[in-house]
Every structure is written in structure tokens, then in C-alpha cells.
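Residue numbers for the sequence shown follow numbering that gives the first Met the number 0, beginning at 0 and rising by one.
Where is the CB? At the ideal position from N, CA and C, for every residue including glycine.
Notes follow the structure.
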Amino acid sequence: MGTPQQKRGGQSPRPSRRGSRALLLAATAIVAGATGAAGTLLQQWITAPDTSAVDAQAAEIAEDLRGSLNAGFHSGGQTYGGQFTEGTIAAHIESHGGVLLSSDTDRNRGPADANTVEAMLGLTPPNEEVVAADTYPVRCYRYTFGTGTYSVKHAGIPCPTTRTDGRPGSLAAQMGALLTQRPSGPASRRSLTTKGYAHTRQGAMDFLEKQQLITTADKVTAASGRPAADGVYVLALRINGTCHYLRMDPAPTAADLRPLWPAPADEQQTCDTHQATTAATLYGVNPSTQG
0 MGTPQQKRGG QSPRPSRRGS RALLLAATAI VAGATGAAGT LLQQWITAPD
50 TSAVDAQAAE IAEDLRGSLN AGFHSGGQTY GGQFTEGTIA AHIESHGGVL
100 LSSDTDRNRG PADANTVEAM LGLTPPNEEV VAADTYPVRC YRYTFGTGTY
150 SVKHAGIPCP TTRTDGRPGS LAAQMGALLT QRPSGPASRR SLTTKGYAHT
200 RQGAMDFLEK QQLITTADKV TAASGRPAAD GVYVLALRIN GTCHYLRMDP
250 APTAADLRPL WPAPADEQQT CDTHQATTAA TLYGVNPSTQ G
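Structural data, given as C-alpha cells:
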């Protein structure tokens, strides 16, 4: 599978910036020619990809995370952090044409950057505008954040060079396929309450079907669950062959959470309930409620 980088039909292309850039670089090359640098400058212009569009998507995800961490109604008006899970992060990344590669929490790193998320973007172009293929390459990014809005930081990183399942081929192709294997139900990427459904495999299936997270076209296999803290029940299950996590929470405030999301790439193979339980833990703890 290739990266879907074609222009969207039915829209006029955006005015190209390449013409003005070419004139600028040509002028620079003439000046640099006296020192023998013209060839180098032109070679850099030809080979260096324009990552501005995908970098903009990465910056928007950082802003989305800041918004998630600024839910004042959960923290007495303070920016201690909102109530959200790994599912919220996955939703932010998916909405910007990417997938979650990994997610990790290490309290030893300190409260300002305890959480680390890595993502691959550029798998699908932004929906709101036409982007030329050579300005939207696949790129990977690392995000770190703690419990405050201003703790969110991000930077570009090298993408992994191998698939997570050990098979031949590119990780970008594998992640692109993962995007196409998402549940086809109209509510599969919405925030919903799971209140009223039994904390069993059958209860989970009833929830998925009645809330239209899946349809008869989706195949669910290998579902296993376990209880977590505060009456939460979590499951690891495969939908269309892709590992997903389901968080069932009877609390009224859980209606603001996305209950179902695809597991990170590095957990796709194992797909177990221990990972699902960790992923379902709430981010954004309010320090004023601790001790």
C-alpha cells in the first residue's frame, strides 16, 4: 500500500509557493556561484522535502492536547488537567491523518513530562485543503506532557524502519492499512456513555452494536476483559483484525470520553488486557484531590 497523497478531486489547487521559492533560490545561487556553493544549494532544494503541511498537523495535535489538559470544570477552574484517556489522544491523532505508534507513562521523569506519545502523520492529507503529494510526506513526532496545559511539547523524530509484526514491508504501509480497518459504525469515533451495559464480553458486544460503534460488516474476535479501578471494566479485542481497547465506565462524567480506540502500533501484536487497563487510565489528575 502506498501513502494516499493524491490531490482531492473537485477542488482547485492551492496557489503554488514553488514558483516564488524557485526565484529566490535561483537568485541565491547566482550570488553563491562565486564561491562554488550554487550546486550545493540547488541540490538541497531538490532533495529536501517540504514538510510544512504535515508539521502543521503535528502542531495542531499539540494544541488539541493542550485543550484536553485545560478542562477547568474537572479541576475547579485550574489548569491541572482534564479527564481523558489514551483514547482521546488516539482520536486527536486520527483526526489529523495519523496513528498512535506508542504511549508511555513514567512518573520518574517528573510531573511536567511524565507522559510520552509517539505518532506517525502524513498517512492521509488534511481534509480541509488540497495538499500536493510532495508537501505531505510521512513523518513521526514525539509528544510529552504532564498535568498542565503548558507542559505539552512536541518534536519530529525518525520513523521506525520496520513493521511491528515482524513481516517484510514498511511501517507506513502497515499503519495505512490499520486506518482502513477501523470499525465502520457511524459512532465509532465519538464520545459515548457505557452506563447500563453489563461488564462482560456479551455486555461489551451489546454496547458496540446498540451504540452503532460496529456494524454487521465488522468482525469482532478474541475479546477478553478485566475489572479496573473505580468500577471500570476494560477489554482488549480485535475488530477487523486490528487490536482495539474498550473502556466501560458507569460514572456520569465518562460520557465525555471516547470508549473505543485502536491500540498503539507497538501493542497491536500482544493486544492484552494488562495493556488495555493501562491505556484506559485517566490522564489529567488534579493535584488538589491527591492526599
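Beta-carbon proximity of residue i to residue j, cut-off 9 angstroms
i	j	result
Lys-194	Pro-249	yes
Ala-278	Glu-117	no
Leu-122	Gly-155	no
Ala-264	Leu-99	yes
Tyr-244	Ala-235	yes
Arg-65	Tyr-149	yes
Ile-88	Ser-101	no
Thr-163	Gln-274	no
Ala-262	Cys-242	yes
Leu-207	Pro-182	yes
Thr-104	Thr-272	no
Trp-260	Ala-90	yes
Option in the options with minimal Cα separation from residue i
i	options	result
Met-204	Val-219, Thr-192 and Leu-191	Val-219
Arg-257	Ile-213, Arg-188, Gly-224 and Asp-164	Arg-188
Val-231	Asn-69, Ala-197 and Ala-216	Ala-197
Thr-199	Ala-227, Thr-148 and Asp-255	Ala-227
Tyr-140	Leu-236, Pro-261 and Gln-56	Gln-56
Ala-52	Glu-62, His-95, Arg-65 and Phe-83	His-95
Arg-237	Gln-274, Asp-229 and Ala-221	Ala-221
Asp-54	Pro-124, Thr-241 and Pro-261	Pro-124
Tyr-142	Ala-89, Val-151 and Tyr-135	Val-151
Thr-146	Ser-169, Thr-179, Thr-115 and Gly-165	Thr-115
Leu-212	Val-233, Ser-223, Ala-186 and Asp-229	Ala-186
Tyr-282	Glu-59, Phe-83 and Asn-69	Phe-83
Gly-240	Leu-207, Leu-259, Leu-177 and His-273	Leu-177
Arg-108	Gln-267, Pro-261, Phe-144 and Thr-87	Phe-144
Ala-58	Ile-92, Thr-276 and Asp-217	Ile-92
Ser-169	Thr-179, Leu-191, Val-137 and Ser-183	Val-137
Asp-49	Asp-112, Tyr-135, Pro-182 and Ala-113	Tyr-135
Ala-202	Trp-260, Ser-223 and Gly-81	As written in the sequence, residue 202 is Gly, which differs from the Ala given in the question. Checking every option, the nearest Cα to that of Gly-202 belongs to Ser-223.
Gly-229	Ser-190, Thr-276, Leu-191 and Cys-270	Inspection of the sequence shows that residue 229 is occupied by Asp rather than by Gly. Minimum Cα distance to Asp-229 is reached at Thr-276.
Asp-112	Met-174, Glu-62 and His-153	His-153
Met-174	Asp-63, Asn-69, Glu-266 and Thr-214	Glu-266
Gly-184	Cys-270, Gly-81, Thr-214 and Val-233	Thr-214
Secondary structure of residue i, DSSP reduced to three states
i	result
Asn-107	helix
Gly-224	strand
Ser-101	strand
Val-151	coil
Leu-281	coil
Thr-269	coil
Ala-186	coil
Ala-275	helix
Leu-64	helix
Pro-167	coil
Pro-261	strand
Pro-14	With a pLDDT of 39 at Pro-14, under the threshold of 50, the predicted position of this residue should be treated as unreliable, though the coordinate-derived value follows. DSSP places Pro-14 in coil when its eight states are reduced to three.
Alpha helix (DSSP H) segment containing residue i, residue limits
i	result
Glu-117	That residue, Glu-117, is in no alpha helix (DSSP H); its beta strand (DSSP E) goes 114-120.
Lys-209	200-209
His-91	85-94
Arg-246	Run containing Arg-246: none in the alpha helix (DSSP H); it sits in the beta strand (DSSP E), 241-247.
Start and end residues, beta strand (DSSP E) containing residue i
i	result
Leu-234	232-238
Arg-141	138-144
Leu-170	It is not in any beta strand (DSSP E) - Leu-170 instead sits in the alpha helix (DSSP H) that spans 170-179.
Are three or more beta carbon pairs between the segment 152-168 and the segment 237-255 nearer than 8 angstroms?
Cβ pair count under 8 angstroms is below three, so no.
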